[in-house]
Amino acid sequence: MDPKRLIIMVALTTVFVVGLFWFTQKDRQAQQPAATQPATQPATQPADPAAKPPVEVAALPAPPADAPAPKPPVEKPEPAAAAAESAAPPKAAQPWSGLPTSQDQPVETVSIGSVAHGSGFMFRVELTNEGAGILGVQLADHFVTVEDKQLYASNPDNYETARLKDPDKYKGHYTLLTPVAAGSDRLVPLATRRLWVRIVGRTDANGQPVEIRLASLHRKRWALTETTPTHATFTYTLRYDGQDVLRVHKTFHVEQENYTIGVSCRLENLSDEPLQVLTGAIGPTWLQREGVRADNRFIAYGRIVGKDRLVQVKLDKAGTIDKKLKARSEAPVDKRRPIPGTSDEADPVVWVGATNKYFATLLHLKSQTDDRLDAPKWAANFNVEANRREDGSPAYITSVQIGAERNKAGVDVWGVALAPRSTRRITLDLFAGPKDRGIFSNEKDPLFRQSYEQLGYLDTIDFGGCFITSAWLAFRVMWLLKMLSHVTLGNYGLAIFALVFIVRLLLHPLTKKSQVSMLKMQKINPQMQKLKEKYADDKDTLNKEMMKLYREQGATPLLGCLPMFLQMPIWIALYTGISASIDLRHAGLLPVWITDLAAPDALISWSTPVFLIGTSFNLLPILLTVAMFFQTKFSPQMSQAAADDKAKQQQKMMRYLMPGMMLVFFYAAPSGLTLYIMASTAAGLLDSYLVRRHIRMKEAEEAARETTISMPGKRSRSSRPKKPKGPNWVKGG
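So the sequence shown is numbered by this note's numbering: it starts at 513 and just counts up by one.
Shown next, in the form of structure tokens:
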């Protein structure tokens, strides 16, 4: 191969690989917590009620005209503290409480759904009565390690029993929605965090509206009032002045063949007076990291935009969230807005959640209008709160506040109005499962739900922001791999080999032309050297003469690189597809090696990282390096006679540089991508060998026809004129 063309090929490949490496490193750096990041106030609990900007809420009951203007509400003390305030009037000192209290209600946990083989459920949801929240969602068909998946595949009915025999090796089902420790507090997903109630028309001894505020309800123990295999209900009763005022019924519901957890919050007014209620719950929490190179975790949210009222999805990384929260904390109090937004703004937020490379937990506050996708009219705030674990890593928490505070003409108005002895129901849908294109967009998929498509959940599948490829191409390549896996009995490694065969078969005509062109370039190298010597001082004439020589000989300099260029989009689509496709997670080629095509092959692993190697010895990149070395070695080279010292040095350098670069850049790459490139390189070697052998045979045949056999008194057989053959001529007749 001409060194210049090889240099061009290496340069373009380097740009491609370095570009991908740069993007992944940029993602990783964005996830690191800022060293100078100031402590962020929880977004769901502003220190000043006036922090909310003026937003009008319609059809809400206002306090009576003769009532005094309310002052900014102050957090009520706990019952013990209230009783200690002897200076207050007796009525003001009347304790309020939720029943049952933490003193008389034990901690209880209950599970709904199942991960048992053949149960039909997609997960098991573990619930706690502390705040009526979720302790974890265990996915039935997804596991923490490859070993767990292999053990389950070999014995699904007895998986749990077998797993417990070796807990160090087997980690169990993949779990979503786990609690996050925030200092001494524990934040449980979907736990009710706050409950504020205003009794409309009633005032205390000081003439102030009666307001009951629980800001840490997620620490209170609720009563478990009903449980079945598919649903569980928790109840909390709020009392004031010795009477039951409000009862909250919170129900979790699951169905078979469904990744949605239904959450219903029924507010029941037990009094003879109107109530205004504000309630808030902790939302999905920051997921665990997936992937070796980049931290593909996001806080995701969807908002309705445009005239068509379609859902636009945004994915915020840790660094982006920190910047937004910092900007919010530095803004004037009257300019601070919930992050990511509210349900009653111009482009309302309709859901919020957390995602990682393969999984998502997305909480949708449903509209009161069931027949169309619309923003819920609950005056809801969707928030993100920044926390840090003990190791300094980020642990973000989302939340939803329903009946959010609004301020109009200096009067606080709360969103959820309850008439005497009436009820209101707030419903939410919580998706907890894999980010699968079929589930989100394919109506033929049994797990598909129309709401997933309407809410734009498909856009939570992130391809790493690579500017070279598109989601369309990545989805098509992964679709083709999935189809091929059906042919290979579910083995995605063999499906990759089949994809290599198809691509190579389609590119064979072009590969053949490329090889012919490269061999022609090799033959005209002596003539090229003469032209360079003849026109050494005249570059324009040299270029014209070289192009003329190319045309005369039918050679194209760049044709040799064209097959690789055409494959690069497939490489990129495969890389981005593997980075996001749940199908390739824990999908392997062999039982003991290349067991996870979405991760390095890790033939041998260890715990302590080694510089430039990491925590595993990866054999597949070394095999790729060997294949690349032989490809450069056996590619048509400039003849040694025609090559000058500089060209020889370039050839020698490229022979080792290109394979070395592939080893460095692909050592920690997903084994599925490395397997494809290695197999494609090996197939290219075989293809080149067959093409060159065919060319040599053709050249030998042409040389044989032109060769004369000199014999005394006779002409060579090939030069004799042949006798015409009659129409009835038969060989040997």
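Glycine is no exception: its CB is placed at the ideal position from the N, C-alpha and C atoms. A quick note: this is a predicted structure, and the numbers were derived from the prediction, not measured.
For residue j and residue i, believed in contact at Cβ under 8 Å, the rounded distance
{"i": "Ser-623", "j": "Glu-638", "result": "5 Å"}
{"i": "Ser-783", "j": "Val-757", "result": "5 Å"}
{"i": "Ile-938", "j": "Trp-991", "result": "So it is not a contact: roughly 39 Å between Cβ atoms."}
{"i": "Ile-833", "j": "Val-692", "result": "Between Val-692 and Ile-833 the Cβ distance is about 14 Å, and since that is not below 8 Å, they are no contact."}
{"i": "Leu-1074", "j": "Ser-1147", "result": "Not quite, the Cβ-Cβ distance comes to about 14 Å (not below 8 Å), so this is no contact."}
{"i": "Tyr-752", "j": "Val-722", "result": "7 Å"}
Residue i to residue j span [Cα, whole Å]
{"i": "Ala-542", "j": "Lys-838", "result": "Confidence in Ala-542 is poor, its pLDDT being 40 and thus under 50, which makes the residue's placement too unreliable to answer from."}
{"i": "Thr-1107", "j": "Ala-727", "result": "48 Å"}
{"i": "Lys-1145", "j": "Met-1030", "result": "14 Å"}
{"i": "Pro-566", "j": "Leu-1101", "result": "Caution applies to Pro-566, whose pLDDT of 30 falls short of 50 and renders its modelled position unreliable; the model cannot decide the point."}
{"i": "Thr-791", "j": "Thr-737", "result": "21 Å"}
{"i": "Ile-1036", "j": "Gln-1065", "result": "8 Å"}
{"i": "Phe-1013", "j": "Ala-1195", "result": "8 Å"}
{"i": "Arg-636", "j": "Gly-814", "result": "26 Å"}
{"i": "Ile-914", "j": "Leu-799", "result": "24 Å"}
{"i": "Leu-875", "j": "Gly-774", "result": "10 Å"}
{"i": "Lys-1164", "j": "Met-1170", "result": "11 Å"}
{"i": "Pro-573", "j": "Val-789", "result": "For Pro-573, the predicted model reports a pLDDT of 33, less than 50, meaning its position is unreliable and no value from the coordinates is stated."}
{"i": "Ala-858", "j": "Arg-840", "result": "19 Å"}
{"i": "Thr-745", "j": "Leu-729", "result": "16 Å"}
{"i": "Arg-725", "j": "Gly-684", "result": "41 Å"}
{"i": "Thr-742", "j": "Ser-911", "result": "25 Å"}
{"i": "Gly-945", "j": "Arg-1205", "result": "53 Å"}
{"i": "Asp-653", "j": "Ala-628", "result": "10 Å"}
{"i": "Gln-755", "j": "Thr-749", "result": "10 Å"}
{"i": "Lys-836", "j": "Arg-848", "result": "11 Å"}
{"i": "Leu-1185", "j": "Pro-844", "result": "50 Å"}
{"i": "Glu-568", "j": "Ala-916", "result": "Model confidence at Glu-568 stands at a pLDDT of 29, short of 50, so the residue's coordinates are unreliable; what they give is reported in the following sentence. For Glu-568 and Ala-916, the distance between alpha carbons rounds to 11 Å."}
{"i": "Glu-1211", "j": "Lys-1051", "result": "34 Å"}
{"i": "Phe-535", "j": "Lys-1060", "result": "Confidence in Phe-535 is poor, its pLDDT being 45 and thus under 50, which makes the residue's placement unreliable; the coordinate value appears in the next sentence. Cα to Cα, the separation comes out at about 43 Å."}
{"i": "Ile-1177", "j": "Lys-994", "result": "Before going on, a small fix: residue 1177 reads as Phe here, not Ile. Each residue's Cα considered, the two are about 27 Å apart."}
{"i": "Val-1218", "j": "Lys-1032", "result": "For the sequence presented, residue 1218 should be read as Glu rather than Val. Their backbone Cα atoms lie some 20 Å apart in a straight line."}
{"i": "Glu-802", "j": "Arg-961", "result": "26 Å"}
{"i": "Leu-1136", "j": "Ser-1183", "result": "11 Å"}
{"i": "Gly-1002", "j": "Arg-900", "result": "41 Å"}
{"i": "Ala-735", "j": "Phe-655", "result": "32 Å"}
{"i": "Ser-1119", "j": "Gly-1126", "result": "9 Å"}
Spatial neighbours of residue i in its chain, beta-carbon cut-off 7 Å, leaving aside the 5 residues before and after
{"i": "Tyr-1179", "result": "Asn-1130 and Pro-1133"}
{"i": "Lys-949", "result": "The residue you asked about is not Lys; residue 949 is Arg in the sequence shown. Hits under 7 Å: Leu-970, Ile-973 and Phe-987."}
{"i": "Gly-632", "result": "Gln-768 and Glu-769"}
{"i": "Leu-689", "result": "Ile-646, Gly-648, Val-649, Pro-701, Pro-796, Thr-797, Thr-873 and Ala-944"}
{"i": "Lys-1044", "result": "Leu-1054"}
{"i": "Lys-956", "result": "none"}
Proximity below 7 Å, CB of residue i to CB of residue j
{"i": "Tyr-870", "j": "Arg-698", "result": "no"}
{"i": "Ala-1181", "j": "Thr-1088", "result": "no"}
{"i": "Arg-733", "j": "Glu-642", "result": "yes"}
{"i": "Val-861", "j": "Leu-967", "result": "no"}
{"i": "Pro-701", "j": "Thr-797", "result": "yes"}
{"i": "Gly-645", "j": "Ala-703", "result": "yes"}
{"i": "Ile-1008", "j": "Leu-1187", "result": "yes"}
{"i": "Ala-866", "j": "Ile-811", "result": "yes"}
{"i": "Gln-662", "j": "Thr-687", "result": "no"}
{"i": "Met-1190", "j": "Ala-1139", "result": "yes"}
{"i": "Ala-1099", "j": "Leu-1109", "result": "yes"}
{"i": "Val-989", "j": "Ala-1085", "result": "yes"}
{"i": "Asp-1199", "j": "Thr-1068", "result": "no"}
{"i": "Glu-659", "j": "Lys-677", "result": "no"}
{"i": "Leu-877", "j": "Leu-827", "result": "no"}
{"i": "Ala-830", "j": "Pro-906", "result": "yes"}
Own chain partners of residue i with C-beta closer than 8 Å, once the 5 adjacent residues on each side are dropped
{"i": "Ala-1010", "result": "Leu-996, Val-999 and Thr-1000"}
{"i": "Val-1015", "result": "Gln-1079, Ile-1082 and Ser-1192"}
{"i": "Tyr-1047", "result": "Thr-1053, Leu-1054 and Glu-1057"}
{"i": "Pro-618", "result": "Arg-733"}
{"i": "Ala-931", "result": "Asn-781 and Pro-786"}
Proximal residues to residue i (C-beta, below 6 Å), its chain only, five neighbours per side dropped
{"i": "Phe-952", "result": "Tyr-964, Tyr-969 and Leu-970"}
{"i": "Val-1203", "result": "Lys-1024 and Gln-1027"}
{"i": "Gln-606", "result": "Low confidence applies here, because Gln-606 scores a pLDDT of 37, under 50, leaving its location unreliable; read the following figure in that light. Excluding residues within five positions, the ones whose Cβ falls inside 6 Å are Asp-753."}
For the segment 886-905 against the segment 842-856, are there 3 or more C-beta pairs whose distance is under 8 Å?
yes
If we count Cβ pairs, one from each stretch, closer than 8 Å, do we get three or more for the segment 754-765 versus the segment 668-685?
no
With three or more C-beta pairs closer than 8 Å as the rule, is the segment 692-708 touching the segment 818-832?
no
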